[in-house]
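Engineer: Protein chains in written order, with my numbering: chain A, 451 to 972; chain B, 100 to 238; chain C, 115 to 239.
Dumping the structure here so I can ask a few things about it.
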């Protein structure tokens with residue numbers, strides 16, 4: 451190939467010859483941006499003062515980019531960019547449909563919140579260990595997973611986010627962190643290896659890794675190839691990533707050990723990547739197999755949500771309690787996946803976005819509360835309402851939102867899911883969602899009463915004087931609270947978005963058309 | 100491992116291995132080789148030097164922190180793909196220029212820039228792990 | 115060739131799972147390394163084992179002239195090897211650090227993050 455002689459072969463067979471529109475660059479730009487800024491910050495690791503000054507504006511730009519991408523996808527439909535000029539399915543495609551763009555935009559907003567919150571939460575040691583570089587690199591992994599249109603590439607992005615999450619988890623290398631990180635690291639490694647096993651089988655069966663290509667070929671191979679085995683393996687691998695019962699025990703073992711902002715980021719984003727992969731692969735690529743497995747998924751979902759919230763009820767440490775609430779939320783999302791109807795999937799999508807924002811904000815609130823003189827222990831916390839009523843109000847809003855009470859964003863997806871389960875007669879699934887909501891209300895209600903409402907257990911007067919909140923952390927918290935209020939009182943746009951995204955999963959023809967414009971139109 | 104023979108050979112061996120790693124890196128486009136394997140060779144060169152003469156001289160010799168080298172490589176690789184913005188082709192497309200240097204046509208490409216980035220990532224990452232493990236052995 | 119590889123992959127999986135069931139971190143680590151190799155062999159077998167020439171385009175042509183071996187599994191395996199190698203290195207360092215700090219590599223005794231006896235939350239206001 452070397453030398454500038456005219457090529458012998460017709461390049462248009464292998465290459466895309468069209469110029470790339472500037473707007474299409476939005477598909478690749480967020481991931482590239484994260485990698486570029488992340489590596490720049492890694493080079494500046496020692497300059498702890500400069501890092502947030504670069505990272506926070508960079509995360510702001512990232513949020514703008516993903517919001518721009520979401521707007522572009524809403525207006526023009528699914529967009530694709532295939533790397534290195536190769537034609538799909540030979541090149542690796544980045545394909546962004548509504549689901550990917552919606553999750554990407556939400557997660558970028560959450561990451562911006564984490565960046566701002568981290569300014570006051572992560573000290574110089576943590577910054578020298580690389581909090582901001584890893585934050586940007588984990589975002590590269592998460593956004594890459596949401597945007598890629600290639601299953602093996604999805605595996606690679608899972609690993610990128612996993613290895614950055616290891617870095618974040620052991621920030622500071624305390625004993626507790628090492629203990630939690632060992633369990634987190636090994637179980638997640640097994641989960642991603644299972645994912646790789648399934649992908650190996652999938653390649654053996656299909657001879658392709660491009661998701662649009664698989665979606666087309668799955669109907670041809672159905673009946674002749676052992677697709678059920680494949681899909682069950684994927685279900686196990688992603689359920690492990692998403693922390694569904696009974697493969698969820700790495701989450702409560704590790705999520706309360708790292709710095710609070712890291713816990714918040716993990717609780718908001720990491721498990722949702724597993725849910726996204728379940729929605730994408732079971733929901734879009736293998737709908738028939740998902741239908742076969744739906745009873746199993748529904749039972750898993752019901753057990754996950756009920757046992758998750760019972761776990762939360764039994765904890766004394768607020769962070770551990772929140773960790774179990776994350777698991778409980780995963781169960782609600784999996785219920786939507788089990789239903790598989792447009793209403794069920796859109797409920798799961800809405801709930802996932804809601805959970806990204808609210809779980810992160812809950813950890814932020816718990817962290818600010820602990821800093822104001824309360825503690826993470828329910829036995830010794832108290833008096834936070836007297837110290838700062840604004841924080842108590844915001845926390846109450848988040849508590850009501852996570853329990854699914856009106857008028858906040860947790861209500862609507864639960865209504866959608868309960869209605870969808872009743873529509874097909876799965877009364878027990880609807881009942882478990884409602885019971886979970888009830889138990890969640892008790893859990894968070896008790897946290898609020900004990901840590902916020904009752905007077906400080908010490909009874910010291912100095913402990914009850916009002917104090918002001920740390921500015922940066924409060925801005926991050928208030929921004930996320932504003933999102934949950936806005937999505938709660940004005941849910942139509944989000945609901946419409948989730949419904950369109952679910953329709954795109956159930957009928958992937960637009961997705962396929964975006965990757966293979968010529969073939970599909972024939 | 101700090102025998103006289105090993106200690107006197109190690110600097111020559113290291114410089115030879117680094118030179119060979121660059122040779123492997125550059126021939127990688129059309130022949131077996133490339134950034135990853137070149138980086139591994141260079142990282143093992145650093146490890147050998149570390150075993151023979153201690154970790155501190157290695158850290159002095161490479162001047163930058165290994166993680167910073169790795170980060171620069173990552174930056175370089177990502178930027179190699181960004182070049183295709185200006186050509187109006189998708190990300191990571193191979194772009195070629197053929198400047199004449201001293202009367203010889205030299206084929207330069209964004210692929211090469213990417214490969215050098217990979218080389219630096221591997222040198223930095225593997226090198227930092229190797230040096231960290233060697234340091235631990237000593238105390 | 116495929117049946118032999120399939121049996122080999124199965125044997126490697128068995129060994130890996132047996133090691134995963136151990137309480138000791140170091141054995142689990144060995145299991146992870148073996149599982150990584152089992153998966154690589156699996157992908158290799160899934161890409162069809164053939165006796166074809168390597169897929170290398172000669173200097174004077176622009177396309178492959180004849181049937182050639184499938185290059186994609188090799189690329190996938192290379193990626194997977196790099197990833198599992200870096201994971202192994204990380205987990206080795208993590209396990210070693212945990213051993214230094216916690217003085218045990220028995221996962222039953224690693225109870226710093228989740229203590230054996232946990233305080234229950236207050237039962238009343």
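No residue lacks a Cβ here, since even glycine has one placed at the ideal position from N, Cα and C.
Looking at C-beta atoms only, is the number of pairs between the segment 178 to 194 of chain B and the segment 464 to 473 of chain A that lie closer than 8 Å three or more?
Structural biologist: yes
Engineer: Could you tell me the alpha carbon to alpha carbon distance between residue 623 of chain A and residue 678 of chain A, rounded to whole angstroms?
Structural biologist: Spanning the two alpha carbons is a distance of roughly 42 Å.
Engineer: Please list, in chain order, the chain A residues whose beta carbon lies closer than 7 Å to that of residue 233 of chain C.
Structural biologist: 766 and 829
Engineer: Cβ closer than 7 Å: which chain B residues qualify as neighbours of residue 194 of chain C?
Structural biologist: Here the premise fails: no neighbours, minimum Cβ distance about 13 Å.
Engineer: Quick one: which unbroken alpha helix (DSSP H) runs of 4-plus residues sit fully inside the segment 858 to 929 of chain A? Chain order, please.
Structural biologist: 861 to 873 and 877 to 897
Engineer: Would you call the CB atoms of residue 704 of chain A and residue 633 of chain A closer than 7 Å?
Structural biologist: Between residue 704 of chain A and residue 633 of chain A, the C-beta gap is smaller than 7 Å, which places the two residues in contact.
Engineer: What are the start and end residues of each continuous beta strand (DSSP E) run of 3 or more residues lying completely inside the segment 699 to 751 of chain A, in chain order?
Structural biologist: none
Engineer: Pull out every residue of the segment 542 to 565 of chain A whose Cβ sits closer than 8 Å to any Cβ of chain C, in chain order.
Structural biologist: none
Engineer: Report the rounded CA-to-CA distance for residue 765 of chain A versus residue 145 of chain C, giving the unit in angstroms.
Structural biologist: In a straight line, the C-alpha of residue 765 of chain A is about 33 Å away from that of residue 145 of chain C.
Engineer: Verify the CB distance criterion: does residue 156 of chain C have a CB-CB separation below 7 Å to chain A?
Structural biologist: yes
Engineer: Would you say residue 228 of chain B faces chain C, with C-beta separation under 7 Å as the test?
Structural biologist: Closer than 7 Å: yes.
Engineer: Between the segment 834 to 845 of chain A and the segment 879 to 889 of chain A, can you find at least three pairs of beta-carbon atoms closer than 8 Å?
Structural biologist: no
Engineer: Quick one: Cα of residue 230 of chain C to Cα of residue 209 of chain C, how far?
Structural biologist: 21 Å
Engineer: Quick test of the definition: if touching needs 3 or more C-beta pairs under 8 Å, does the segment 207 to 225 of chain B touch the segment 136 to 156 of chain C?
Structural biologist: no
Engineer: Chain B beta carbons: is any one of them nearer than 7 Å to that of residue 515 of chain A?
Structural biologist: no
Engineer: Closer than 7 Å, CB to CB, is residue 446 of chain A near chain C or not?
Structural biologist: Nothing about residue 446 of chain A can be reported from this structure: the residues present for chain A run from 451 to 972 only.
Engineer: Would the C-beta of residue 530 of chain A count as close to the ligand ADP, meaning under 6 Å from any of its heavy atoms?
Structural biologist: No copy of the ligand ADP appears in this structure; indeed no ligand is present at all.
Engineer: Between residue 398 of chain A and the rest of its own chain, which residues show a CB-CB distance below 6 Å, the 5 nearest in sequence each way excluded?
Structural biologist: Not covered by the structure: residue 398 of chain A. The range shown for chain A is 451 to 972.
Engineer: Sort C:164, C:232 and C:151 by Cα distance to residue 122 of chain C and report the nearest one.
Structural biologist: C:151
Engineer: For residue 739 of chain A, count neighbouring C-beta atoms within 10 Å of its own C-beta (all shown protein chains included) and say buried if the count is 16 or more, exposed if not.
Structural biologist: buried
Engineer: Output the boundary residues of the beta strand (DSSP E) element that contains residue 544 of chain A.
Structural biologist: Taken as a continuous stretch (DSSP letters only), the beta strand (DSSP E) holding residue 544 of chain A covers 543 to 546.
Engineer: Give every residue of the same chain whose Cβ lies closer than 6 Å to the Cβ of residue 722 of chain A, excluding the five residues on either side of it in the sequence, and list them in chain order.
Structural biologist: 802 and 806
Engineer: What residues from chain A crowd round residue 171 of chain B, counting only those whose CB sits closer than 8 Å?
Structural biologist: 489 and 493
Engineer: Which whole runs of the alpha helix (DSSP H) in the segment 596 to 644 of chain A are 4 residues long or more, in chain order?
Structural biologist: 601 to 619
Engineer: Distance check for residue 179 of chain B and residue 886 of chain A, CA to CA, integer angstroms please.
Structural biologist: Distance between residue 886 of chain A and residue 179 of chain B, taken at the CA atoms: about 50 Å.
Engineer: Would a C-beta distance cut-off of 7 Å place residue 224 of chain B and residue 169 of chain B closer than the cut-off?
Structural biologist: yes
Engineer: Using 8 Å as the threshold, is the segment 534 to 550 of chain A in touch with the segment 578 to 597 of chain A, meaning 3 or more CB pairs across them?
Structural biologist: yes
Engineer: Rounded to the nearest angstrom, how far is the Cβ of residue 795 of chain A from that of residue 701 of chain A, given a contact under 8 Å?
Structural biologist: Residue 795 of chain A to residue 701 of chain A, Cβ: 24 Å. No contact.
Engineer: Pop quiz: residue 583 of chain A and residue 492 of chain A are said to be a contact at Cβ under 8 Å. What is the actual Cβ separation, rounded to whole angstroms?
Structural biologist: 4 Å
Engineer: Taking the straight line between their C-alpha atoms, what separation do you get for residue 589 of chain A and residue 938 of chain A?
Structural biologist: If I take the Cα positions, the gap works out to 26 Å.
Engineer: Give the straight-line distance between the Cα atoms of residue 833 of chain A and residue 233 of chain C, rounded to the nearest whole angstrom.
Structural biologist: 21 Å
Engineer: Anything in chain A within Cβ reach of residue 127 of chain B, meaning under 7 Å, just list it in chain order.
Structural biologist: Within chain A, no residue has its CB atom less than 7 Å from the CB of residue 127 of chain B, the nearest being about 13 Å off.
Engineer: Out of A:927, A:758, A:540 and A:849, point me to the one whose CA is closest to residue 694 of chain A's CA.
Structural biologist: A:758
Engineer: Are the CB atoms of residue 755 of chain A and residue 776 of chain A nearer to each other than 7 Å?
Structural biologist: no
Engineer: First and last residue of the beta strand (DSSP E) that includes residue 529 of chain A?
Structural biologist: Here the beta strand (DSSP E) through residue 529 of chain A covers 529 to 532.
Engineer: With DSSP run on the structure shown, which of helix, strand or coil describes residue 766 of chain A?
Structural biologist: coil
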